[in-house]
Amino acid sequence: MDLSTVFQALTAETLTLTFVGALVGTLIGVLPGIGPPATIALLLPLTFTLDPAGAIIMLAAIYYGAQYGSSTTAILINLPGETSGVVTAIDGHRLALQGRAGPAIAMAALSSLFAGLATAVFIWFAAVPVAQWSLTISPAGLAGLIALGLFAAAIIAPGRPLPAVALMFAGASLGLIGTDSGGGMPRFTLGFTELRDGIGFVPLIMGLFGIAALIRSLETGGRPERIAPVGWPWPSRTDLAAGAGPTVRGTVVGAVLGVIPGVSTVTAALAARGLERAFRPRGAPLGEGAMEGVCAPEAANNASAQSALVPLLTLGIPGNPVIAVLAGALMIHGIAPGPGFIPANPDLFAALIASMLVGNIMLVILNLPLAGVWAALLTIPFRKLVPVIVVLALIGVHSVQGSMFDVWLMLAFGAFGWLLLRLELEPTPLVLGFILGPALEEYLRRALLLSRGDPSVFVTDPMSLACLLIIAAGVGLLIVRQLRST
Amino acid sequence: MKILLAPLFVCTIGVVFLVIAMGEPAFVGSRIGPGLFARIFAAGVIGLSLVWLAGTIFVRGQHGEDEQAVAQRLPLTPAVALLGAVILFIVLRPLAGLVLTCALAGLSASWGAGERTVLALAASTVVAGGIALIIAALLLPEATPLWPWSPHL
Chain A
1 MDLSTVFQAL
11 TAETLTLTFV
21 GALVGTLIGV
31 LPGIGPPATI
41 ALLLPLTFTL
51 DPAGAIIMLA
61 AIYYGAQYGS
71 STTAILINLP
81 GETSGVVTAI
91 DGHRLALQGR
101 AGPAIAMAAL
111 SSLFAGLATA
121 VFIWFAAVPV
131 AQWSLTISPA
141 GLAGLIALGL
151 FAAAIIAPGR
161 PLPAVALMFA
171 GASLGLIGTD
181 SGGGMPRFTL
191 GFTELRDGIG
201 FVPLIMGLFG
211 IAALIRSLET
221 GGRPERIAPV
231 GWPWPSRTDL
241 AAGAGPTVRG
251 TVVGAVLGVI
261 PGVSTVTAAL
271 AARGLERAFR
281 PRGAPLGEGA
291 MEGVCAPEAA
301 NNASAQSALV
311 PLLTLGIPGN
321 PVIAVLAGAL
331 MIHGIAPGPG
341 FIPANPDLFA
351 ALIASMLVGN
361 IMLVILNLPL
371 AGVWAALLTI
381 PFRKLVPVIV
391 VLALIGVHSV
401 QGSMFDVWLM
411 LAFGAFGWLL
421 LRLELEPTPL
431 VLGFILGPAL
441 EEYLRRALLL
451 SRGDPSVFVT
461 DPMSLACLLI
471 IAAGVGLLIV
481 RQLRST
Chain B
487 MKILLAPLFV
497 CTIGVVFLVI
507 AMGEPAFVGS
517 RIGPGLFARI
527 FAAGVIGLSL
537 VWLAGTIFVR
547 GQHGEDEQAV
557 AQRLPLTPAV
567 ALLGAVILFI
577 VLRPLAGLVL
587 TCALAGLSAS
597 WGAGERTVLA
607 LAASTVVAGG
617 IALIIAALLL
627 PEATPLWPWS
637 PHL
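Line by line, the protein sequences are chains A and B.
Take 1 as the starting number for the first sequence in this note's numbering and just add one per residue.
Take 487 as the starting number for the second sequence in this note's numbering and just add one per residue.
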């Protein structure tokens with residue numbers, strides 16, 4: 001596949017959906033309180049009327065659009081709408097307090113643009129070979145890769161690794177509810193015929209990331225009264241010169257780290273900021289309003305948001321909650337991301353890359369001249385939006401299958417997710433386990449079938465063995481670290 | 487005791503899954519049955535949460551109550567009102583139609599979000615009902631019962 005196929009995929013529909021996604025993404029990135037996973041979950045039912053390519057383009061645009069939008073609130077009010085903006089806020093808000101909010105927002109947008117375009121090209125060239133290679137991996141190797149992906153997601157993601165792994169197993173158990181793929185027997189259904197097709201992804205996500213996250217935002221939220229004036233959103237030559245190097249370095253850091261399951265956009269932004277510190281001259285630390293402290297994390301979070309699609313599209317491994325929701329969206333549309341996905345759906349892949357290229361340009365147009373408009377939106381109290389979000393969630397969940405059982409499920413997962421958050425547990429590992437559990441079971445089953453029930457296949461297969469050794473080394477390191485700290 | 491709640495909660499989930507999984511056959515003849523991996527995953531939840539529990543007790547013994555034990559006192563109103571909005575939808579939707587149900591769910595959510603004036607609550611109720619009406623007109627099947635007197639209710 002050459003890059004010209006990407007531009008052939010730029011249809012009027014692709015452009016419209018990308019624009020809608022970018023606009024919604026910016027909006028939710030700007031407004032603190034509801035993040036991309038919840039928004040994507042809310043909009044999932046609306047995408048059922050679209051074809052799979054249209055749905056994934058719009059949902060992906062929401063995801064990377066939110067990275068852009070979050071920088072505006074991070075800079076203006078020191079409260080990012082999306083977690084990735086936390087790192088940008090450190091220097092960005094200082095710049096706003098110095099009366100340079102406009103240039104800071106502009107540099108954040110331009111860094112994100114460079115990172116977005118470069119990463120889209122990176123994905124185009126990196127994903128195809130990885131996808132071809134993934135077709136040669138044995139079921140045992142794929143089981144090992146999924147286990148490694150889950151393990152990496154648990155130990156790298158924010159929070160404690162042990163509870164995260166336990167919740168992944170719980171999520172995997174939830175994923176097994178339905179009809180057993182091996183023998184067609186119902187499993188864990190407790191006699192409910194509605195559960196024969198498994199737990200619906202939409203009520204699960206809407207409960208865990210929608211209702212539970214909303215409750216959490218209301219319990220803990222707050223917004224400052226004063227919003228820094230935006231000013232003229234255009235950088236000076238000095239700003240551009242200061243931001244060029246950090247943008248390139250941030251892009252490389254984000255694109256590489258984003259491929260690793262579990263590396264969040266925040267982690268990538270932190271790593272880029274850490275690297276930038278090493279490049280700063282003595283006596284000029286970050287954190288006091290340096291443009292480098294805006295450009296590097298912004299480039300890194302946008303690059304990692306996009307490159308996180310590589311493990312999903314090539315190996316079927318979603319590394320973070322938003323990618324997990326995107327994976328669920330693809331599955332709902334009858335497309336299983338993983339080995340064989342790109343060779344079987346070259347048009348969809350080309351359209352996705354095309355939307356990334358165009359979407360990033362649209363986002364700069366949306367974010368620069370409209371920075372003042374987005375800032376004005378911050379004056380809308382979050383409590384005014386809550387009833388609207390709840391009604392959209394209710395109608396969305398109910399309309400998927402016209403089933404009140406799904407609303408019951410949303411209620412149950414909303415309460416469950418809220419309990420998890422109250423116990424300081426993140427629901428993300430549960431969702432990753434829910435998505436990957438059935439795939440893990442399938443590959444384990446196939447591997448055992450091919451080896452005639454001999455479990456030694458998992459140590460004789462080189463890929464599986466390598467994954468198991470990495471997991472063992474990771475567990476060993478965690479234990480040593482824990483023992484040292486106690 | 488509060489810091490033990492989280493591992494105990496997750497362990498309970500594992501126990502529930504294991505009990506149900508034990509009712510499924512692990513093998514059907516020479517084939518792998520629906521219960522095998524279900525038991526393995528459930529056992530994983532229990533095993534890991536027990537290790538986590540033991541670690542928590544050990545750390546607590548070494549350092550006393552950690553900061554997690556000093557739990558923030560968070561308001562219960564948002565949870566009660568938002569989960570209540572979902573329950574209202576489940577209960578009222580078959581009786582009152584979509585618009586009225588969504589309006590009342592919006593009212594409950596608005597209360598949970600912290601609105602306390604009659605005007606603000608009324609406005610949220612109207613907006614929520616209005617959104618339901620617009621969505622029904624644009625996106626939902628014509629047969630969707632919107633009002634208590636709708637024929638399909």
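Glycine included, each C-beta is placed from N, C-alpha and C at the ideal position.
Just so it is clear, the structure is predicted and the values come from calculations on it, not from any experiment.
Just how far apart, CA to CA, sit residue i and residue j?
| i | j | result |
| --- | --- | --- |
| residue 11 (chain A) | residue 352 (chain A) | 12 Å |
| residue 374 (chain A) | residue 189 (chain A) | 47 Å |
| residue 631 (chain B) | residue 394 (chain A) | 15 Å |
| residue 476 (chain A) | residue 538 (chain B) | 16 Å |
| residue 440 (chain A) | residue 132 (chain A) | 20 Å |
| residue 555 (chain B) | residue 489 (chain B) | A caution first: residue 555 (chain B) carries a pLDDT of 48, below 50, which makes its placement in the model unreliable, though a value can still be read off. One C-alpha to the other measures close to 5 Å. |
| residue 582 (chain B) | residue 634 (chain B) | 4 Å |
| residue 198 (chain A) | residue 522 (chain B) | 18 Å |
| residue 386 (chain A) | residue 479 (chain A) | 43 Å |
| residue 468 (chain A) | residue 303 (chain A) | 29 Å |
| residue 47 (chain A) | residue 279 (chain A) | 45 Å |
| residue 258 (chain A) | residue 50 (chain A) | 28 Å |
| residue 463 (chain A) | residue 94 (chain A) | 48 Å |
| residue 225 (chain A) | residue 17 (chain A) | Residue placement at residue 225 (chain A) cannot be trusted, given a pLDDT of 46 that sits under 50; what the coordinates show is reported in the next sentence. The alpha-carbon atoms of residue 225 (chain A) and residue 17 (chain A) are separated by roughly 35 Å. |
| residue 518 (chain B) | residue 459 (chain A) | 20 Å |
| residue 382 (chain A) | residue 271 (chain A) | 31 Å |
| residue 470 (chain A) | residue 442 (chain A) | 22 Å |
| residue 482 (chain A) | residue 171 (chain A) | 25 Å |
Does the ligand FAD have a heavy atom nearer than 6 Å to the CB of residue i?
| i | result |
| --- | --- |
| residue 177 (chain A) | In the structure shown, the ligand FAD is absent, as is every other ligand, since no ligand is present at all. |
Terminal residues of the continuous alpha helix (DSSP H) containing residue i?
| i | result |
| --- | --- |
| residue 442 (chain A) | 428-450 |
| residue 317 (chain A) | Taken as a continuous stretch (DSSP letters only), residue 317 (chain A) belongs to no alpha helix (DSSP H), as it is neither H nor E. |
| residue 18 (chain A) | 12-30 |
| residue 220 (chain A) | 212-220 |
| residue 106 (chain A) | 101-134 |
| residue 416 (chain A) | 404-422 |
| residue 373 (chain A) | 371-377 |
| residue 468 (chain A) | 462-485 |
| residue 239 (chain A) | 237-258 |
| residue 507 (chain B) | 488-507 |
Can the beta-carbon of residue i be found less than 7 Å from the beta-carbon of residue j?
| i | j | result |
| --- | --- | --- |
| residue 212 (chain A) | residue 418 (chain A) | yes |
| residue 435 (chain A) | residue 344 (chain A) | no |
| residue 564 (chain B) | residue 288 (chain A) | no |
| residue 153 (chain A) | residue 432 (chain A) | yes |
| residue 104 (chain A) | residue 294 (chain A) | yes |
| residue 623 (chain B) | residue 588 (chain B) | no |
| residue 314 (chain A) | residue 127 (chain A) | yes |
| residue 567 (chain B) | residue 594 (chain B) | yes |
| residue 299 (chain A) | residue 251 (chain A) | yes |
| residue 187 (chain A) | residue 510 (chain B) | yes |
| residue 168 (chain A) | residue 150 (chain A) | yes |
| residue 574 (chain B) | residue 590 (chain B) | yes |
| residue 292 (chain A) | residue 242 (chain A) | yes |
| residue 359 (chain A) | residue 53 (chain A) | no |
| residue 22 (chain A) | residue 363 (chain A) | yes |
| residue 28 (chain A) | residue 66 (chain A) | yes |
| residue 337 (chain A) | residue 312 (chain A) | yes |
Notebook entry, point to check: Just by C-beta distance, which residues in the segment 615-632 of chain B are closer than 7 Å to chain A?
Noted result: 617, 618, 621 and 626
Checklist line | Runs of alpha helix (DSSP H) wholly within the segment 58-97 of chain A (minimum 4 residues, chain order) | finding: 85-97
Checklist line | Ranges of the alpha helix (DSSP H) found wholly within the segment 147-209 of chain A, counting only runs of at least 4 | finding: 161-175 and 201-205
Check: What residues in the segment 307-330 of chain A have a beta carbon less than 7 Å from any beta carbon of chain B?
Finding: none
Next item on the list: Check distances from the C-beta atoms of the segment 375-395 of chain A to those of chain B and list, in chain order, the residues that come in under 9 Å.
Entry: 381, 382, 383, 384, 385, 386, 387, 388, 389, 390, 391, 392, 393, 394 and 395
Notebook entry, point to check: Taking a cut of 7 Å between CB atoms, which residues from the segment 587-601 of chain B lie near chain A?
Noted result: 588, 591, 592, 595, 596, 598, 599, 600 and 601
Next item on the list: Return the residues of the segment 171-188 of chain A that lie within a Cβ-Cβ distance of less than 7 Å from chain B, sorted by chain order.
Entry: 172, 173, 176, 180, 182, 183, 185, 187 and 188
Notebook entry, point to check: Going along the segment 250-269 of chain A in order, which residues come within less than 8 Å of chain B, judged by CB to CB distance?
Noted result: none
Next item on the list: Only counting runs of 4 or more residues, tell me where the alpha helix (DSSP H) segments fall wholly within the segment 278-362 of chain A, in order along the chain.
Entry: 292-307, 309-315, 321-332 and 341-344
Next item on the list: Select from the segment 195-225 of chain A all residues with a C-beta closer than 8 Å to any C-beta belonging to chain B, and list them in chain order.
Entry: 211, 214, 215, 218, 219 and 220
Notebook entry, point to check: Of the residues that make up the segment 558-570 of chain B, which ones have a beta carbon closer than 7 Å to any beta carbon in chain A?
Noted result: 560, 561, 564, 565, 568 and 569
Next item on the list: Using a Cβ-Cβ cut-off of less than 7 Å, give me the residues of the segment 401-417 of chain A that come near chain B, in sequence order.
Entry: 404, 407, 408, 410, 411, 414 and 415
Check: Taking a cut of 7 Å between CB atoms, which residues from the segment 500-520 of chain B lie near chain A?
Finding: 500, 503, 506, 510, 514, 517, 518, 519 and 520
Check: Along the chain, which unbroken stretches of the alpha helix (DSSP H) at least 4 residues long are found entirely within the segment 536-610 of chain B?
Finding: 563-598
Item checked: chain B contacts from the segment 424-446 of chain A (Cβ-Cβ distance under 7 Å) -> 424, 425, 437, 441, 444 and 445
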